[in-house]
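To start, the structure itself, in C-alpha cells.
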Amino acid sequence: MIDVELDDSPKEECGVLGVFAPDESAARIGFFGLFALQHRGQESAGLAVSDGEKVRLRRGMGLVNQVFDAQALEELKGHIAVGHTRYSTTGASVLRNAQPVFCQSQVGDIAVAHNGNLVNARELRIEMELDGEHFDSSSDSEILARIIVRNLHKGPEVAVAEVMRRAKGAYSVTVLTPRMLIGFRDPAGIRPLVVGSLGSDGYVIASETCAFNPVGATAIQELEPGEMVIIDSRGMRFACGAKSTCKAMCLFELIYFARPDSVMYGTAIYSARERMGRKLALEHPTEADIVVPVPDSGIPAAMGYSAETGIPFREGMIKSRYIHRTFIQPDQRMRELGVKMKLSPLVDHLQGQRVVLVDDSIVRGTTTKQIVRLLFESGAKEVHVRITAPPIKHPCFYGIDMASTKELAAAIMSIEELEKYLGATSLGYLSVEGAMDAVGRPHNNFCTACFTGKYPVEVPDDLTKDALEGTADVGEIAALSHTQLRLIEI
Ligand code: SF4
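The working numbering numbers the first residue of the sequence shown as 73 and each following residue consecutively.
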C-alpha cells in the first residue's frame, strides 16, 4: 500500500502485544489485538506464536490486515503470542527491521516486540559485537533481544534485570519463549504497558487498553516503571527489574497518541482530553460563534472547550476516512491540494461564523496553516486556533518521530509570529501545567521534554547536536550514539 502523506503530524511509534491463551487461539487474539493498536504504527506488523515447543513467526510490510489472512493465522498454531505494529524510529523501515525480533538460544527460540527508543544503542551494539555478538538488523530492539537471549538460562527475572541495567532510554517490551510470556517497562516508565485477564486462565499484555475490548480481555493493572510480569502455565507473577529512577510517562501519549477509548495512567483518555479543552478555554478564552474540532484528533478537546464556554460545538469539516488506505499515489496537482484531499469543509456551518478551531498539536505548522485557510475560504469571519499540546520546541529521543528542532514551528517562531504564519485571528496553547492537571497526576510523574527541554533520561550531546541541526533522523542518530549516559532526577 502507498501511504498518501498529507500532514505533518508526529508519527506514532509502535504498538506491542502479548497473549497467553491456553485454548490455542493466541494468533487470532493477537491479530485482533494488533488491529486495535494499528494507530501506533502502520509500516509493518508481525506476530510470533509458540505451541510450547516451536516458535513460528510472520512479519510483513503494511497494515495488520495486509500482513495476515485467515490462512496465515491458521498456520500460526499455539497458545502464546507476541505481536507488534511498527513505525520505524531506529533502523530503516525495511522488512528486516519489522518485529517481533526472532532469536535462537540455548533455552529455545525467543521473540521480542519493543516500543520505544534506546539512547545508548550504538554504544551497546559496539560493546556486544566486540563480545562476539552477531546482529541481523539495524534495529535497537534486537539489542534488547540479544541481551535477553544471553541471560535467559539464569531465569527471566535475571534476564530482564540485565536489560534494565544496560539499556538506557524508553522501552516497553513483550517477550515470548517457547513456554513463557514476559512483559516489562523501562525504569522511567516512558512508554505505556498494561496487563489484562482473558477468561479464567488467559492473559493479554498491550501498549493500550483499547486492545482488550475487541478480544474480551479485562484490564488488571498498568506495569509500574521498572516492573516485569511473567506468565506461564503456573499463572502470572510480577517482579522488579530495576528500581524506578523517576516516573516519566510520556505526556504526549495522553494528549495525542493514545486512542481516546484507552485508559492510561489510570485516566480515561477521552475524558482527559475533554478536561484539556476546558482548561484551554480558561487559559485562552475568546468571543466566538462556534467551536470546531479538527477531525478526529480535536473532538474531545473541542467538546471540553464548548462545555466550558457555552459556545456551541459544531463540525466544520468532514474527514475522508479511507484516503490513507489507497494504493494509488496522488499526482502533483492533487498533492498541491494538500489538506483538501483529506478534509472537506461544511460551508453552511462556517459561513459568516467566528470560529474557535481546536486541535491537539502543531509540529511544523503546515497542516494547521492549510486548515485555517480552508476555513476562511469557506466563509469563516474569524479563526481562533486553540491547541491542547503545549508548544513543541524540542525533539523526542524516546520513540516519537517529530522533526528536527529547526523544523518545529514553536521552536523557531514566537507565538505572535506563528499566529501570523498560520493566518489565524488568534492562537492559544494549553500550558504544560494545564495538560498535566487535566490528566490528574503529580507534575513530576511525566516526561515533558519536547515541551520543556528537560529530558528525564539524559540524552548524549551528539544526539542533541544533530537533532538541533536536523542532520539526520532522530532515531537513526540514537543508533549512532556512543556517549555514556547517566540518569538524572526530575
Ligand atoms: S519527549 Fe515528548 S513525545 Fe517524547 S516521550 Fe517525552 S513527552 Fe513524549
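Built from N, CA and C at the ideal position, the CB exists for glycine as well.
It should be emphasised that the depicted structure is a prediction, and the values quoted were computed from it without experimental measurement.
* **6 Å CB neighbourhood of Ile-101 in its chain, flanking five on each side removed** => Val-91, Ala-93, Val-287
* Regarding Tyr-470 and ligand 1, is the C-beta to nearest heavy atom distance less than 7 Å? -> yes
* Asked: Going along the chain, which residues of its own chain have a beta-carbon closer than 6 Å to the beta-carbon of Ile-36, five neighbours each way excluded?
  -> The structure shown has nothing for residue 36, since the chain only spans 73 to 562.
* Could you name the residues of the same chain whose beta carbon sits closer than 6 Å to that of Glu-548, not counting the 5 residues immediately before and after it, in chain order? => For Glu-548, the pLDDT reaches just 41, beneath the cut-off of 50, and the residue's location in the model is therefore unreliable, although a value from the coordinates is still provided. Closer than 6 Å at Cβ, skipping near neighbours: no residue.
* Nearest-angstrom Cα distance between Gly-241 and Val-221? -> 20 Å
* To do: Would you give the residue range spanned by the beta strand (DSSP E) that Lys-391 belongs to?
  => 389-391
* Using the rule of at least 16 other Cβ atoms within 10 Å of the residue's Cβ for burial, across every protein chain shown, is Gln-178 buried or exposed? -> exposed
* Would a C-beta distance cut-off of 8 Å place Leu-129 and Phe-103 closer than the cut-off? -> no
* **Top-ranked residue by Cα proximity to Val-88, from Gly-113, Glu-96, Ser-97** => Out of Gly-113, Glu-96, Ser-97, Gly-113 has the C-alpha closest to the C-alpha of Val-88.
* To do: With hydrogens ignored, establish whether the beta-carbon of Ile-262 is closer than 7 Å to any heavy atom of ligand 1.
  => yes
* With distances taken Cα to Cα, identify the nearest neighbour of Val-267 among Pro-259, Ala-291, Leu-248. => Ala-291
* Which ranges does the alpha helix (DSSP H) cover as unbroken runs of at least 4 residues, wholly within the stretch 318-391, from first to last along the chain? -> 341-355, 371-381
* **Among Pro-528, Ile-434, Asp-208, Lys-478, the one whose alpha carbon lies nearest that of Ser-369** => Ile-434
* Where do the ends of the alpha helix (DSSP H) carrying Glu-229 lie? -> 228-238
* What did DSSP end up calling Asp-509 once you bin it into helix, strand or coil? -> helix
* Exposure of Ile-487, with buried meaning 16 or more beta-carbon neighbours within 10 Å -> exposed
* Asked: Going along the chain, which residues of its own chain have a beta-carbon closer than 7 Å to the beta-carbon of Lys-453, five neighbours each way excluded?
  -> Gly-424, Gln-425, Arg-426
* Relative to ligand 1, is the shortest distance from any of its heavy atoms to the C-beta of Cys-322 smaller than 7 Å? -> Yes, Cβ of Cys-322 sits closer than 7 Å to a heavy atom of ligand 1.
* Can we count Thr-460 as close to ligand 1, meaning its CB is less than 7 Å from some heavy atom? -> no
* **Which listed residue (Thr-497, Ala-153, Glu-479, Leu-202) has its alpha carbon closest to that of Val-184** => Ala-153
* Is there contact here, the stretch 305-313 with the stretch 323-339, by at least three beta-carbon pairs under 8 Å? -> no
* Given Ala-320, which residues of its chain have a CB within under 6 Å of its CB, disregarding the five upstream and five downstream residues? -> Ala-260, Ile-262, Cys-519, Pro-528
* **Within 8 Å, strictly: CB atoms of Val-411 and Gly-495** => no
* Rounded straight-line distance, which links the Cα of Gly-388 to that of Gln-442 -> Cα to Cα, Gln-442 sits roughly 14 Å from Gly-388.
* Asked: Are the CB atoms of Thr-281 and Val-511 nearer to each other than 8 Å?
  -> no
* To do: Count the other C-beta atoms from every protein chain shown that fall within 10 angstroms of the C-beta of Asp-420, then say buried if there are 16 or more, exposed otherwise.
  => exposed
* Using a threshold of 7 Å, is the CB atom of Thr-477 nearer than that to any non-hydrogen atom of ligand 1? -> The answer is no for Thr-477.
* **Classification of Cys-86 by the beta-carbon crowding that lies within 10 angstroms, buried from 16 upward** => buried
* Within 7 Å: the Cβ of Cys-282 and any heavy atom of ligand 1? -> no
* Asked: What does DSSP give as the partner residues of Ala-117 in its beta bridges?
  -> According to the DSSP secondary-structure assignment, Ala-117 is paired through a beta bridge with Gly-132, Thr-157.
* Asked: Quick one: is Arg-350 buried, meaning 16 or more other Cβ sit within 10 Å of its Cβ, or exposed?
  -> buried
* For the stretch 436-470, which segments carrying the beta strand (DSSP E) assignment without a break, of at least 3 residues, lie completely within its bounds, in sequence order? -> 454-459
* Asked: In its own chain, which residues sit with a C-beta less than 7 Å from the C-beta of Thr-543, not counting the 5 before and 5 after it?
  -> Note on Thr-543: pLDDT 42, under 50, position unreliable in the model; the coordinate value appears next. Within the same chain, Thr-543 has no close Cβ partners at all.
* Asked: Looking at the structure shown, is Ser-416 part of a helix, part of a strand, or coil, going by DSSP?
  -> DSSP places Ser-416 in strand when its eight states are reduced to three.
* Asked: Is the closest heavy atom of ligand 1 to the C-beta of Cys-571 under 7 Å?
  -> Since the first residue of the chain shown is 73 and the last is 562, residue 571 is not available in this structure.
* To do: Check Val-266 in the structure and name its three-state DSSP category.
  => Three-state DSSP puts Val-266 in a strand.
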